[in-house]
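Line order of the protein sequences matches chains A and B.
In short: position in the first sequence from 1, add 222, done, that's our numbering.
In short: position in the second sequence from 1, add 222, done, that's our numbering.
Here a beta-carbon is modelled for each residue, glycine too, at the ideal position from N, C-alpha and C.
This report refers to the structure that appears directly beneath it.
Protein chains: 2
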Amino acid sequence: MTGLREQKRERTRRQLVDAADRLFRERGYAETTVADIAAAAGVSTRTAFTYFATKDDLLFPDADERVRLAVDALEQRAGDDEPIPALLRALQGADIAVTDLIGDRAALRVALVEREPSVRGHALRRLADAQTAIGDALHRAYPDRYSPVQAAALVGAFVGAASAAAAAVAREAEGMTEAQRHAALTAAVGDALAPWTTERT
Amino acid sequence: MTGLREQKRERTRRQLVDAADRLFRERGYAETTVADIAAAAGVSTRTAFTYFATKDDLLFPDADERVRLAVDALEQRAGDDEPIPALLRALQGADIAVTDLIGDRAALRVALVEREPSVRGHALRRLADAQTAIGDALHRAYPDRYSPVQAAALVGAFVGAASAAAAAVAREAEGMTEAQRHAALTAAVGDALAPWTTERT
DNA sequence: TGCATTTCTGCACCACATGCAATTCGTGCG
DNA sequence: CGCACGAATTGCATGTGGTGCAGAAATGCA
């Protein structure tokens, strides 16, 4: 029962995101005003702000969805698995912000996260929020193994290692294919987390 | 040879920070304008912006200094020590942003980091910058033991664990003394990093 | 078609932030 | 001591992000 209203809403939302994406590429982020984006999407400036609360939000249209997926995945794994692999799998589905290296949109995001302070702050905020959400989920999934503080610390270590590695990989891997990047990232994270899963060589 | 000019500059800088601190407490962050702070410090609004580029900066007047100290400490330790304890000591001197739990100013900062999105982004940005700076320093200090990616991942894990633990401790430890908080924080971080330093129990 | 409700829009408004030119103020020199 | 140079301060204009509000338009429903 998708009403006309709902369809239209989804349509203008996409138009806004697409217009923002295009204009950011053409003119740069700082040089593009929200009014420009709204005009390009055929909508008033005021309306653009009802769809996306801030200019930065136009760059992260679907982040909440991803975190929710990761938390769900982690909670389903629950007890029938070791926590670290479960985390790995959960986070693979939730590569937000710095960790997100796939697709064209992501490339633009990564570039802007480095250049624009406001976007950088926005992305880091999302990452931190995701981190605490996943930490809580981990504690709920393995209540007797991890206290809230321990869970938070473990997820913090994991996310910290992952995003640091992702940033380093992104910096040094200009011409790589998507698959190669993913492999390098996974290898680096696995390497950093080796002490948790295996014996030190 | 501290000229009158230098003295005055340092004095108004302090007045700005103090006025901001006081007004933020009295009226709240969002309700205080930079113009208010400037007026309270006896200076024009325009001048306030030459001392601090953004409103958020008024809350973190000395962060750069701390990072520099931590990097220096890490580089001096260089080869004559194990990296993890060196990191621990270096980071103890550089408890920025979320990790910073000591003193009145810090309490205000922690509260605002949780409440105000803009401040939150600002603090996280500083933390991330510090993280990469320390990662680079670690790689330079132990070149054959850690590649740039490995160093970044290790520091990322460390900082991630530390700030996650700090946030959890701050959340749950309302009536603790400063010493108790420090102990709880150190214990949590040590616990999270145990796999790197000792055998798993 | 006609009514109720949601959505869009224009308008006024405020605060953050920056650039520029005029002015004031500290500093060093003759 | 006074003067000239450079640095800091200031006011002013401007642009942009973001919000509240009230009326107009579009949509769902009978």
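Neighbour list for residue i in chain A, Cβ cutoff strictly below 8 angstroms
i        : result
B:Gln353 : Gly382, Ala386
B:Ala350 : Arg342, Leu346
8 angstroms contact criterion, which residue i and residue j should meet: CB distance rounded
i        : j        : result
B:Ala333 : B:Gly357 : Not really, about 29 angstroms apart at Cβ, beyond 8 angstroms.
B:Asp278 : B:Val341 : 6 angstroms
B:Ala375 : B:Val293 : Wrong, their Cβ atoms sit about 18 angstroms apart, outside the cutoff.
A:Ala424 : A:Glu297 : Only positions 223 to 423 of chain A appear in this structure, which leaves residue 424 of chain A out of reach.
A:Val239 : B:Ala410 : About 40 angstroms; that fails the 8 angstroms criterion.
A:Val256 : A:Thr267 : 6 angstroms
Close beta carbons around residue i, own chain, < 6 angstroms, minus the five adjacent residues each side
i        : result
A:Ala319 : Low confidence applies here, because A:Ala319 scores a pLDDT of 38, under 50, leaving its location unreliable and the question unanswered by this model.
B:Ala241 : Ile259, Ala262, Ala263
A:Arg249 : none
A:Gly225 : none
Among the options, the one whose alpha carbon lies nearest that of residue i
i        : options                                : result
A:Pro359 : A:Gln237, A:Leu291, A:Phe282, A:Leu280 : Strictly speaking, residue 359 of chain A in this sequence is Ala, with Pro absent from that position. Comparing Cα positions, the closest option is A:Leu291.
B:Arg327 : B:Ala406, B:Arg247, B:Arg337, B:Gly412 : B:Arg247
A:Phe274 : A:Arg367, A:Arg249, A:Thr234           : A:Thr234
A:Gln237 : A:Arg227, A:Asp284, A:Ala270           : A:Ala270
A:Gly412 : A:Pro365, A:Thr399, A:Ala387           : A:Ala387
A:Asp243 : A:Ala329, A:Tyr368, A:Ala390           : A:Ala329
A:Asp351 : A:Asp366, A:Val289, A:His404, A:Lys230 : A:Val289
A:Gly343 : A:Gln402, A:Leu281, A:Ala406           : A:Leu281
B:Pro339 : A:Arg367, A:Thr276, A:Leu407           : A:Thr276
A:Ala389 : A:Ala406, A:Ala401, A:Ala295           : A:Ala406
A:Pro283 : A:Ala295, A:Glu232, A:Thr408           : A:Glu232
Beta-carbon proximity list for residue i, same chain, < 7 angstroms, skipping 5 on both sides
i        : result
B:Gln353 : Val377, Gly378, Val381
B:Ala401 : none
Chain-order list of residues whose beta-carbon lies under 8 angstroms from that of residue i (same chain, five-residue window excluded)
i        : result
B:Leu245 : Thr254, Asp258, Ile259, Ala262
B:Arg337 : Tyr251
A:Tyr368 : Pro305, Leu360, His361, Leu376
A:Pro365 : none
Contacts of residue i in chain A (Cβ-Cβ under 7 angstroms)
i        : result
B:His344 : Gly343
B:Val377 : Ala386
Under 7 angstroms from the C-beta of residue i: neighbouring residues of chain B
i        : result
A:Val256 : The contacting residues do not exist; A:Val256 stays about 17 angstroms from chain B at best.
A:Gly225 : Within 7 angstroms Cβ-Cβ: nothing; A:Gly225 doesn't reach chain B, min ~33 angstroms.
Proximal chain B residues relative to residue i, where beta-carbon distance stays under 8 angstroms
i        : result
A:Arg347 : Pro339, Arg342, Gly343, Leu346
Per-residue contacts from residue i into chain B (C-beta, under 9 angstroms)
i        : result
A:Val391 : Val371
Residue i: contacting residues in chain A (beta-carbon distance under 9 angstroms)
i        : result
B:Gly357 : Ala386, Ala390
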